[in-house]
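Trainee:
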Amino acid sequence: MIWNEKIECMDPEDLKNLQAERLAETIRYVYDNNKLYRSRMDVAGLSPQDIRRMEDLKKFPFTTKEDLRDSYPFDMFSVPMDQISEIHVSSGTTGNPTVVGYTRADIELWSEVMARVLGCAGARPGDMIQIAYGYGLFTGGLGFHYGAQKMGLAIIPTSSGQTKRQLKIMNDFRPRVIGCTPSYMLYMVDEARELGMDLRNSSWEVGIFGAEPWSNSMRDEIEQIWNLQATDIYGLSEMIGPGVAQECCHKDGLHIFSDVFFPEIIDPLTGKEVLPGEKGELVITTFTKKGIPLLRYRTRDIVSINYEKCACGRTSPRISKIMGRTDDMIIVRGINVFPSQIEHVLLSIEGTQPHYQLIVDRRSGELDELEVQVEVDGKIFSDEIKKLRVLEEKIHREIESVLGVMVKVKLVEPRTIARSEGKATRVIDKRTI
Ligand code: DLL
Numbered sequence: 008m009i010w011n012e013k014i015e016c017m018d019p020e021d022l023k024n025l026q027a028e029r030l031a032e033t034i035r036y037v038y039d040n041n042k043l044y045r046s047r048m049d050v051a052g053l054s055p056q057d058i059r060r061m062e063d064l065k066k067f068p069f070t071t072k073e074d075l076r077d078s079y080p081f082d083m084f085s086v087p088m089d090q091i092s093e094i095h096v097s098s099g100t101t102g103n104p105t106v107v108g109y110t111r112a113d114i115e116l117w118s119e120v121m122a123r124v125l126g127c128a129g130a131r132p133g134d135m136i137q138i139a140y141g142y143g144l145f146t147g148g149l150g151f152h153y154g155a156q157k158m159g160l161a162i163i164p165t166s167s168g169q170t171k172r173q174l175k176i177m178n179d180f181r182p183r184v185i186g187c188t189p190s191y192m193l194y195m196v197d198e199a200r201e202l203g204m205d206l207r208n209s210s211w212e213v214g215i216f217g218a219e220p221w222s223n224s225m226r227d228e229i230e231q232i233w234n235l236q237a238t239d240i241y242g243l244s245e246m247i248g249p250g251v252a253q254e255c256c257h258k259d260g261l262h263i264f265s266d267v268f269f270p271e272i273i274d275p276l277t278g279k280e281v282l283p284g285e286k287g288e289l290v291i292t293t294f295t296k297k298g299i300p301l302l303r304y305r306t307r308d309i310v311s312i313n314y315e316k317c318a319c320g321r322t323s324p325r326i327s328k329i330m331g332r333t334d335d336m337i338i339v340r341g342i343n344v345f346p347s348q349i350e351h352v353l354l355s356i357e358g359t360q361p362h363y364q365l366i367v368d369r370r371s372g373e374l375d376e377l378e379v380q381v382e383v384d385g386k387i388f389s390d391e392i393k394k395l396r397v398l399e400e401k402i403h404r405e406i407e408s409v410l411g412v413m414v415k416v417k418l419v420e421p422r423t424i425a426r427s428e429g430k431a432t433r434v435i436d437k438r439t440i
């Protein structure tokens, strides 16, 4: 269903006008309420009147994750604390975490975009949803919760983990909708099989998976195993959490709710906009957000954009699945490697499992080494050695031909690679550079 037809199917010209109106309001708002933006505008010699048309947005400097870290904890908040109703924190691997504050109106906005997500994925009012994203400082659980409340679903807030209980609840309550990370959906496969469950007869028909990269091959795998429709959801805490973009049933790009999250795709090196269809870094400007409005925020996520109308009737632009991150990309012997490329190869080869890890190392004075560890079917492991060798050789050849870089392949037994109930760790970089 289309939750908000008026907005989601708006005439593109009207949408442009709405965006321009909201941009002008946003610029005025940050100038009056946000210390960092006001000083940046003053330094650049910009006043709110200088940014009125969408093209003017390019005059504004980019905002980065470092800006948010440097404002730890509350300096980016644009309202006094008595107007903040909820705070989330996104953990990073280095430095201060990013703190995000929501006003009541922001929570209402979050509920609205998440209701759009649920509709886009195929949920309907009256459905039951199992929310197996983590609740807490992570935005996944509560974001889904607010959207489901808004749409009028029966919510089972299981949060992530406790897999046996998770599966029992599914079996006994029969929810139609499930939300969790794609890696958790795969994690549950082993446990469900151990319990002797018939996975293709699970009650889940609609799956909304995101918060980490996953390929179309992984989608096929999940859909096939669980017999459900798997769609991709994108979001990040800095923007609002989940609810920035979502795939519809056509699974041909994620509709970005551009009346709220205005996208630009740039070349990460030059900062210049790239053409529709070309790969680049997604930069987002928020409209109508009050707690932490962000202008030209560099997400570090790599996508392409498509402005054509979708067969579902929605007119919002669509971003591709996230192809990688500017900072997740590993550079091995000077060649850019994204985990998603390797995942795609692995999943197209019969006998491999969707559990893998990339280990990069550099012994002193030597070149980088990339080892791909991948789990293979238990059956193959108990077969003769020769079959394993053939498989290893095949994986080796295909990865090298896609990446153009030498790799080592190590086949490991089922359940050797650490599982995750949240986001999976795909890369272990042991190099000290
Ligand atoms: O992961 C919010 C979220 C929760 C999204 C639940 C979807 C579902 P953060 O923890 O701040 O927020 O992480 C944001 O995760 O910049 C991407 O690199 C990555 N990411 C999120 N969704 C996807 C996706 C949440 N569908 C960061 N595909 C983002 C690939 C994703 N990467």
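Using my numbering, the first residue of the sequence shown is number 8, and each one after it goes up by one.
Yeah, the Cβ is synthetic: ideal placement off N, Cα and C, and Gly gets one too.
Just so it is clear, the structure is predicted and the values come from calculations on it, not from any experiment.
Would you kindly check if the distance between the Cβ of Met225 and the Cβ of Pro182 is under 8 Å?
Mentor: No, these two residues do not count as a Cβ contact at 8 Å.
Trainee: Mind checking His152: buried by the 16 CB within 10 Å criterion, or exposed?
Mentor: Per the 10 Å Cβ criterion, buried.
Trainee: Using three-state DSSP, classify His152 as helix, strand or coil.
Mentor: Of the three classes helix, strand and coil, the one that applies to His152 here is helix, per DSSP.
Trainee: In this structure, what does DSSP give as the bridge partners for Cys187?
Mentor: Partner(s): Phe216.
Trainee: Can you list, in chain order, the residues of its chain with a C-beta nearer than 8 Å to that of Met204? Leave out the 5 residues immediately preceding and following it.
Mentor: Here the set comprises Leu174 and Asn178.
Trainee: Tell me which residues share the same chain as Ala155 and place their Cβ nearer than 6 Å to its Cβ, disregarding the 5 neighbours each side in the sequence.
Mentor: Only Ile136 and Ile162 meet the Cβ criterion.
Trainee: At a cut-off of 7 Å, is Lys145 close to ligand 1 when judged by its beta-carbon and the heavy atoms of the ligand?
Mentor: First, the residue type needs correcting, since residue 145 is Phe and not Lys in the sequence shown. Within the cutoff, so yes.
Trainee: Out of Val379, Gly341 and Asp368, which one is the CA nearest neighbour of Thr359?
Mentor: It is Val379 whose Cα lies nearest to the Cα of Thr359.
Trainee: Taking the alpha carbon of Lys296 as the reference point, which residue from Leu75, Gly287, Phe67 and Ile114 has its own alpha carbon closest?
Mentor: With distances taken between Cα atoms, Lys296 lies closest to Ile114.
Trainee: Should the segment 301-319 be called in touch with the segment 89-109, which here means at least 3 C-beta pairs below 8 Å?
Mentor: The segment 301-319, when compared against the segment 89-109, does not touch it at the 8 Å Cβ threshold.
Trainee: Rounded to whole angstroms, what is the Cα-Cα separation between Met121 and Leu160?
Mentor: Cα-Cα distance, rounded: 12 Å.
Trainee: Taking the C-alpha atoms as reference points, what is the distance between Gly168 and Tyr191?
Mentor: Cα-Cα distance, rounded: 9 Å.
Trainee: Could you give the distance in angstroms between the alpha-carbon of Tyr36 and the alpha-carbon of Ala112?
Mentor: Distance between the alpha carbons of Tyr36 and Ala112 is about 15 Å.
Trainee: Counting pairs of beta carbons, one from the segment 260-272 and one from the segment 16-27, are three or more of them closer than 8 Å?
Mentor: With the cut-off at 8 Å, the segment 260-272 and the segment 16-27 touch.
Trainee: Can you give me the start and stop residues for the alpha helix (DSSP H) that Gln173 sits inside?
Mentor: Here the alpha helix (DSSP H) through Gln173 covers Thr170 to Phe180.
Trainee: Under the assumption that Ile312 contacts Met246 (Cβ atoms under 8 Å), give the Cβ distance between them as a whole number of angstroms.
Mentor: No, Ile312 and Met246 are not in contact; Cβ-Cβ is about 16 Å, not under 8 Å.
Trainee: For Asn208, does the three-state DSSP call read helix, strand or coil?
Mentor: Helix at Asn208.
Trainee: With a 10 Å radius around its C-beta and 16 neighbouring C-beta atoms as the bar for buried, classify Tyr314 as buried or exposed.
Mentor: Flag for Tyr314 reads exposed.
Trainee: State yes or no: is the C-beta of Glu219 nearer than 7 Å to some heavy atom of ligand 1?
Mentor: Yes.
Trainee: Following a CB-centred definition, is Thr306 positioned closer than 7 Å to any heavy atom of ligand 1?
Mentor: Yes; taking the cut-off as 7 Å, the Cβ of Thr306 has a heavy atom of ligand 1 nearer than that.
Trainee: Grab the span of the beta strand (DSSP E) containing Ala237 for me, first residue to last.
Mentor: First-last of the beta strand (DSSP E) with Ala237: Gln236 to Leu243.
Trainee: Do Arg433 and Pro346 have their beta-carbon atoms positioned less than 8 Å apart in this structure?
Mentor: It is a contact, given that the beta carbons lie within the stated cut-off.
Trainee: Report the CB separation of Ser222 from Glu350 in whole angstroms; it is logged as a contact under 8 Å.
Mentor: Right, the Cβ-Cβ distance comes to about 5 Å (below 8 Å), so this counts as a contact.
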